[in-house]
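One structure below.
Number of protein chains: 2
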Amino acid sequence: MAKKIKIDQSTEERILDAARKVFISKGMSGARMQDIADEAGINKALLHYYFRSKEKLFETIFKEIMQQVLPVMSAIIESDKPLFEKIRLFCNEYIENIKKAPFIPIFILSEVNKQPEAFVKRMWGNKKPPVQLFFQQVEKEIKRGIIKPIHPAQLMMNLLSMCIFPFAARPMFQLVGGINAKLFDELIEQRKKHIPEFIIASIKK
Amino acid sequence: MAKKIKIDQSTEERILDAARKVFISKGMSGARMQDIADEAGINKALLHYYFRSKEKLFETIFKEIMQQVLPVMSAIIESDKPLFEKIRLFCNEYIENIKKAPFIPIFILSEVNKQPEAFVKRMWGNKKPPVQLFFQQVEKEIKRGIIKPIHPAQLMMNLLSMCIFPFAARPMFQLVGGINAKLFDELIEQRKKHIPEFIIASIKK
DNA sequence: GTCTATATTCCGATAGAC
DNA sequence: GTCTATCGGAATATAGAC
Chain X
1 MAKKIKIDQS
11 TEERILDAAR
21 KVFISKGMSG
31 ARMQDIADEA
41 GINKALLHYY
51 FRSKEKLFET
61 IFKEIMQQVL
71 PVMSAIIESD
81 KPLFEKIRLF
91 CNEYIENIKK
101 APFIPIFILS
111 EVNKQPEAFV
121 KRMWGNKKPP
131 VQLFFQQVEK
141 EIKRGIIKPI
151 HPAQLMMNLL
161 SMCIFPFAAR
171 PMFQLVGGIN
181 AKLFDELIEQ
191 RKKHIPEFII
201 ASIKK
Chain S
1 MAKKIKIDQS
11 TEERILDAAR
21 KVFISKGMSG
31 ARMQDIADEA
41 GINKALLHYY
51 FRSKEKLFET
61 IFKEIMQQVL
71 PVMSAIIESD
81 KPLFEKIRLF
91 CNEYIENIKK
101 APFIPIFILS
111 EVNKQPEAFV
121 KRMWGNKKPP
131 VQLFFQQVEK
141 EIKRGIIKPI
151 HPAQLMMNLL
161 SMCIFPFAAR
171 PMFQLVGGIN
181 AKLFDELIEQ
191 RKKHIPEFII
201 ASIKK
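Spelled out as structure tokens, the structure:
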């Protein structure tokens, strides 16, 4: 059967699944506890029984998501692979990852923007992804004459922008570019190879 | 005096300015009519006198913003300038433009994502930016052997992603990359030249 | 046009039965 | 643990005086 019934799920798991879905599509302020209860197939009061408040429930979901996203970002970057291979690997893995949950980027970006202070609090305790290592690697490759001079932060921004933004701006791209859903999916698939090629062609000496 | 008093503004203008500001920073669902009234220095009831409902007020703002943003995107692209010059011009103008209202991108993206159907309705009647012309120009330059083969849509995505995304992801970049506000602003400024160089270096034959 | 006061709706949260 | 019923506050919207 195509639809997942999840009849054997615990109530807590059902709530978390429902909350994740609703929060991601509507954001914290746009989500209703009723929506989440409906989605989970249970009563509103139960939400408060398991998680004291909407705020607490949101925190749980948000932390869960961030703790899933940040390590993925750094795992590849902090490896000791050669720069070009690292870039190829990152694009492939990262795009594949976002494809599974394409609304995550915009969710994170908008929530972080709405409450920058709360964000810092929520992320407190997380170790910062060691991007510095990546930066050093870039500097080294420049000195070795492997790649042209470029500010490592610019390279990082270019890389992440091209991987993530198309997912966040999908409706815009489809509208502005006159691209239908099927073609868009194909383009995304191609980007796993296109982006590293595009970047390497630009920086390689 | 630093703070703009705008004492000669009409009430309607004051409301629109206030609504724009509040909606952009908190989104449709996060914004309160009270916030907007306070920001405009008037009473809540007046908002309903000028605009029947919160929904109507939001529509007005959203449309206004979209009708400001979409043409800017196409104005440069549809000119008859050579491709490389067009890319340089676009990055420069576009980044300069977003700098004036850096929260617009994330606002548009998140609102569009939250109500995709409403978005289509709201945009109805807008003429589609003629990106097709840009696509054709890219194809032509490929055939002429000026640039390497690339899907025009990919080039468009790369271009727009690198210009817009850093603004949307600013807090993330600063956190993840350990970049302070001043450095970030400098990097953005540099991107006006960096992005076209980066792109042209990649696609030039 | 602009205000105060009030109505109305919505929503997060709680009480209490089972 | 799960439900129904309800409270209480907040937010949108309206009525009506000036």
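As given, the protein sequences belong to chains X and S, one line each in that order. In terms of this note's numbering, the first sequence has 43 at position 43, counting the first letter as 1, and numbering is strictly consecutive. In terms of this note's numbering, the second sequence has 29 at position 29, counting the first letter as 1, and numbering is strictly consecutive. Ideal placement from N, C-alpha and C gives every residue a C-beta, glycine not left out. The structure presented is a predicted model; accordingly, all values stated were derived computationally and were not measured.
With a Cβ-Cβ cutoff of 9 Å, do residue 26/X and residue 114/S count as a contact? yes
Quiz item: Applying a beta-carbon distance threshold of less than 8 Å, which residues of chain X neighbour residue 27/S?
Solution: 27, 29, 30, 110, 114
Quick check: is the beta carbon of residue 177/S nearer than 9 Å to any beta carbon in chain X? yes
Can you tell me where the alpha helix (DSSP H) with residue 134/S in it begins and where it stops? 131-143
**Q.** Neighbourhood of residue 111/S by C-beta distance below 7 Å, restricted to the same chain and skipping five residues each side
**A.** 27, 28, 62
Quiz item: Near residue 5/X, which residues of its chain fall below 8 Å by C-beta distance, leaving aside the five closest residues on each side in sequence?
Solution: Confidence is the limiting factor: at residue 5/X the pLDDT is only 45, short of 50, which leaves the residue's position unreliable, though a coordinate-based value still follows. So the list is empty, once near-sequence residues are dropped.
**Asked** Would the beta-carbon of residue 155/X fall within 9 Å of that of residue 199/X?
**Response** yes
Checklist entry - How would you label residue 52/S, buried or exposed, when you count the other beta carbons within 10 angstroms and need 16 or more for buried? => result exposed
Could you compute how far the alpha carbon of residue 142/X sits from the alpha carbon of residue 162/X?
22 Å
#### Entry: Residue burial classification, residue 44/S (beta-carbon count within 10 angstroms, cutoff 16)
exposed
Checking contacts by CB at 9 Å: is residue 168/S closer than that to chain X?
yes
With distances taken Cα to Cα, identify the nearest neighbour of residue 133/X among 107/S, 145/S, 176/S. 176/S
Of all the residues that make up the stretch 155-166 of chain X, which are near chain S by a beta-carbon distance shorter than 8 Å?
156, 157, 158, 160, 161, 162, 164, 165, 166
Please state whether DSSP places residue 204/X in a helix, a strand or coil. strand
Between which two residues does the alpha helix (DSSP H) harbouring residue 104/S extend?
104-114
Check the Cβ-Cβ distances between residue 131/X and every residue of chain S, and say whether any is below 9 Å. yes
Margin query: Can you find the residues in the same chain that come closer than 8 Å, C-beta to C-beta, to residue 139/S, ignoring five residues on each side of it along the sequence?
Written below: 152
**Message:** Just checking: is the beta-carbon of residue 202/X within a distance shorter than 9 Å of some beta-carbon in chain S?
**Reply:** yes
>> Quick check: the Cα distance between residue 217/X and residue 93/X, rounded to an integer number of angstroms?
In response: This structure does not reach residue 217/X, given that chain X is present from 1 up to 205, and the question cannot be answered.
query: Looking only at DSSP bridge pairs, what is residue 147/X linked to?
result: 204/X
Exercise. Would you kindly check if the distance between the Cβ of residue 108/X and the Cβ of residue 72/X is under 9 Å?
Key: no
- Is it the case that the Cβ atoms of residue 96/S and residue 192/S are separated by a distance below 9 Å? yes
Review point. In the stretch 82-96 of chain X, which residues sit with their C-beta less than 9 Å from some C-beta in chain S, listed in chain order?
Key: none
Quiz prompt | Inter-residue CB distance, residue 165/X and residue 203/S (contact presumed, cutoff 8 Å) | solution = Between residue 203/S and residue 165/X the Cβ distance is about 19 Å, and since that is not below 8 Å, they are no contact.
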